[in-house]
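In this text, residue positions in the sequence shown follow the UniProt record's numbering: the first is 1, and each later residue adds one. Each residue gets a CB set at the ideal place from its N, CA and C atoms; glycine is no exception.
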Amino acid sequence: MTASLEQLRRCHFAVDLGAARTRVFVKGAGLIVDQPSVAAVNTRTGALIAVGEFAEKMTGRTPHYIRVVRPVSGGTVVDIEMAQRMLRQLLGDKVRRTLRRKPRLRAAACTPHDSDPLAQRATVETLVGLGARRVELVDTLIAAGVGCGLPVERPEATMIMVCGAAATQVAVLSLGSIVTAERIPVGGEAIDHAIVQHLRHHHELMLPSQSVRPLQLALSGNGLTSQGPTSTEIHGRDVATGLARSVQVDTAAVRDAIQTPLTAVLDGIGKVLRVCPPDLVADLVDRGIMMVGGSALLPGLDQMLRQATGMPVHIAERPDVCAVLGLGAMLEGRIEPLVLDPTAG
1 MTASLEQLRR CHFAVDLGAA RTRVFVKGAG LIVDQPSVAA VNTRTGALIA VGEFAEKMTG
61 RTPHYIRVVR PVSGGTVVDI EMAQRMLRQL LGDKVRRTLR RKPRLRAAAC TPHDSDPLAQ
121 RATVETLVGL GARRVELVDT LIAAGVGCGL PVERPEATMI MVCGAAATQV AVLSLGSIVT
181 AERIPVGGEA IDHAIVQHLR HHHELMLPSQ SVRPLQLALS GNGLTSQGPT STEIHGRDVA
241 TGLARSVQVD TAAVRDAIQT PLTAVLDGIG KVLRVCPPDL VADLVDRGIM MVGGSALLPG
301 LDQMLRQATG MPVHIAERPD VCAVLGLGAM LEGRIEPLVL DPTAG
């Protein structure tokens with residue numbers, strides 16, 4: 001599934017279609033699109049009203065004839081036509097005209113580890129609809145490893161954890177390939193859902209989807225550890241009366257609520273380490289785990305992983321855009337393949 005570096009160097013632009021955000025890297029121009037994977041549609045006329053951040057702000061606030069949709073779910077395109085319309089709008093006329101002038105337009109795209117052929121085909125068809133004559137697919141784990149500066153092409157183990165909105169992918173990389181990997185269907189959205197359910201059951205408070213982030217920010221710093229703040233005020237809607245209400249939420253209880261989805265992530269890391277060759281595990285003891293993806297910024301998650309695994313845990317410099325920047329580095333030829341010389345020695 002992962003294209004060769006030679007094939008990628010011929011590509012003109014790269015796309016990372018994530019469940020939460022869509023990112024586009026154009027060769028020579030850099031990262032030009034980083035917007036939520038959301039579109040708002042008028043169901044009466046079929047017209048596209050808004051995409052990206054503006055469409056996301058409309059979630060739960062629209063009249064009945066405007067529908068807010070997510071054409072990408074779990075890192076897979078579920079509505080090809082809507083994904084194409086959203087991408088066209090996000091790119092804008094100027095960039096699209098520039099790309100159309102290329103004689104044989106080639107594109108590269110990230111796909112989640114172990115994605116099935118139908119999911120891969122949906123990604124390819126989405127980009128073909130934008131005018132690409134050929135689409136190269138790259139495993140998100142490899143692209144993210146390159147993007148955060150890991151020496152993935154060397155004969156030494158590096159462990160990467162891609163914390164996405166819909167899933168978490170964990171892998172051990174060596175010699176530019178995946179040695180062992182696990183995809184856990186738990187991501188940032190599952191953690192948000194656990195917080196919403198906790199507040200509903202224990203405080204009878206309905207929380208709008210946009211209000212989960214302030215609660216996570218309240219847990220910032222050592223948020224997921226016992227050194228964090230003891231309580232925080234949250235505004236929502238009373239389940240019984242429907243009126244606005246504020247409650248003081250015990251952060252220790254919120255930490256307990258999100259332990260269930262996080263335990264699944266820890267199990268996945270353990271599974272990867274169990275099937276990994278012993279020599280590579282020895283490398284990982286010193287090097288540790290590199291966290292990338294938007295949910296890697298969840299306050300205190302790195303500290304929790306350190307305590308659970310006993311290994312060093314690092315967060316990439318720009319964790320949310322590592323995958324698309326890795327694709328961009330491959331497009332621009334900044335990654336040199338390791339040349340094995342059989343006659344040496």
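TODO: With DSSP as the reference, please indicate the residues paired to V77 in a beta bridge.
DONE: Per DSSP, V72.
Task: Assigned secondary structure, H12 (DSSP; H/G/I helix, E/B strand, else coil) - done: In the displayed model, H12 falls within coil according to three-state DSSP, outside both helix and strand.
TODO: Report the three-state DSSP secondary structure of E153 (helix, strand or coil).
DONE: Coil at E153, not helix or strand.
Task: DSSP three-state assignment for S295, whether helix, strand or coil - done: In the structure shown, S295 falls within a helical segment according to DSSP collapsed to helix, strand and coil.
TODO: Could you name each continuous beta strand (DSSP E) segment of 3 residues or more that falls completely within the segment 15-103, going from the start of the chain to the end?
DONE: Annotation: the segment 15-103 contains the following complete segments of the beta strand (DSSP E) (minimum length 3 residues), in chain order: 21-26, 30-36, 39-42, 48-51 and 66-69.
TODO: Taking D256 as the reference, give the member of D116, A194, T59 and L266 with the closest Cα.
DONE: Nearest to D256 by alpha-carbon distance, out of D116, A194, T59 and L266, is A194.
Open item on the list: I'd like to check one pair, E53 with P71: are the Cβ atoms closer than 9 Å?
Closed with: Cβ atoms of P71 and E53: not closer than 9 Å.
Task: Range covered by the alpha helix (DSSP H) that runs through L173 - done: Segment T168 to S174 is the beta strand (DSSP E) holding L173; no alpha helix (DSSP H) there.
Task: Other residues of its chain near I315: CB distance less than 6 Å, five sequence neighbours each side excluded - done: Taken in chain order, the residues that qualify are M291, A296 and D302.
Open item on the list: Quick check on DSSP: helix, strand or coil for V265?
Closed with: Of the three classes helix, strand and coil, the one that applies to V265 here is helix, per DSSP.
Task: Identity of the residue in R306, D139 and G176 nearest T76 by Cα - done: Shortest Cα-Cα distance from T76 to any of R306, D139 and G176 involves D139.
- [ ] Taking H314 as part of the beta strand (DSSP E), name the residues at either end of that continuous run.
- [x] V313 to I315 is the span of the beta strand (DSSP E), which, as asked, contains H314.
TODO: Identify whether A107 lies in helix, strand or coil by the three-state DSSP scheme.
DONE: Of the three classes helix, strand and coil, the one that applies to A107 here is strand, per DSSP.
TODO: Tell me, to the nearest whole angstrom, how far the beta carbon of A14 is from that of L327; I am working on the premise that it is less than 8 Å.
DONE: The Cβ separation is near 4 Å, so the contact holds.
Task: Contacting residues, own chain, Cβ-Cβ under 6 Å from T126 (five flanking each side not counted) - done: Taking C-beta separations shorter than 6 Å and ignoring five residues to either side along the sequence, the partners of T126 in its chain run V77, I80, A83 and Q84, following chain order.
- [ ] Using 10 angstroms around the beta-carbon of G310, count the other beta-carbons present and answer buried if the total reaches 16, otherwise exposed.
- [x] Looking at its Cβ environment, which holds fewer than 16 other Cβ atoms inside 10 Å, G310 is exposed.
Task: Rounded distance between the beta-carbons of R106 and A132, thought under 8 Å - done: Correct: roughly 6 Å between the Cβ atoms.
- [ ] Quick one: using the 10 Å Cβ neighbour count with 16 as the cut-off for buried, is D16 buried or exposed?
- [x] By the neighbour-count criterion, in which 16 or more other beta carbons inside 10 Å mark a residue as buried, D16 falls on the buried side.
Task: Nearest to C110 (by Cα), restricted to the options A39, L173, V24 and L99 - done: Per the C-alpha coordinates, the member of A39, L173, V24 and L99 positioned closest to C110 is V24.
- [ ] Drop a sphere of 10 angstroms on the beta-carbon of G345, count the other beta-carbons inside from all chains shown, and report buried for 16 or more, exposed for fewer.
- [x] Low per-residue confidence applies at G345: pLDDT is 43, beneath 50, and the placement is therefore not dependable, though the value from the model is reported in the following sentence. Exposed: under 16 other Cβ atoms inside 10 Å.
Task: Endpoints, beta strand (DSSP E) assigned at L130 - done: No beta strand (DSSP E) contains L130, which DSSP labels as neither H nor E.
- [ ] Could you tell me whether the segment 159-176 touches the segment 111-120, using the rule of 3 or more Cβ pairs below 8 Å?
- [x] Contact holds: three or more Cβ-Cβ distances are below 8 Å.
TODO: Just tell me which of S231, A166 and A29 has its CA closest to the CA of R183.
DONE: Comparing Cα positions, the closest option is A166.
Task: Cβ pair count under 8 Å reaching 3, the segment 238-254 against the segment 116-123 - done: Note that the segment 238-254 does not touch the segment 116-123; fewer than 3 beta-carbon pairs, one per stretch, sit closer than 8 Å.
Task: For I66 and G145, the rounded distance between their alpha carbons - done: For G145 and I66, the distance between alpha carbons rounds to 39 Å.
Open item on the list: Within the continuous alpha helix (DSSP H) that includes R287, where are the two ends?
Closed with: For R287, the enclosing alpha helix (DSSP H) stretches over residues P278 to R287.
Open item on the list: Please identify the residue among P151, L99 and E156 whose C-alpha is closest to the C-alpha of L130.
Closed with: The option with the nearest alpha carbon to L130 is L99.
Task: Endpoints, beta strand (DSSP E) assigned at T158 - done: Per DSSP, T158 is one residue of the beta strand (DSSP E) stretching across T158 to C163.
Task: DSSP state of E332 mapped onto helix, strand, coil - done: Coil at E332, not helix or strand.
Task: Three-state class that DSSP yields for T232 in the structure shown - done: Strand.
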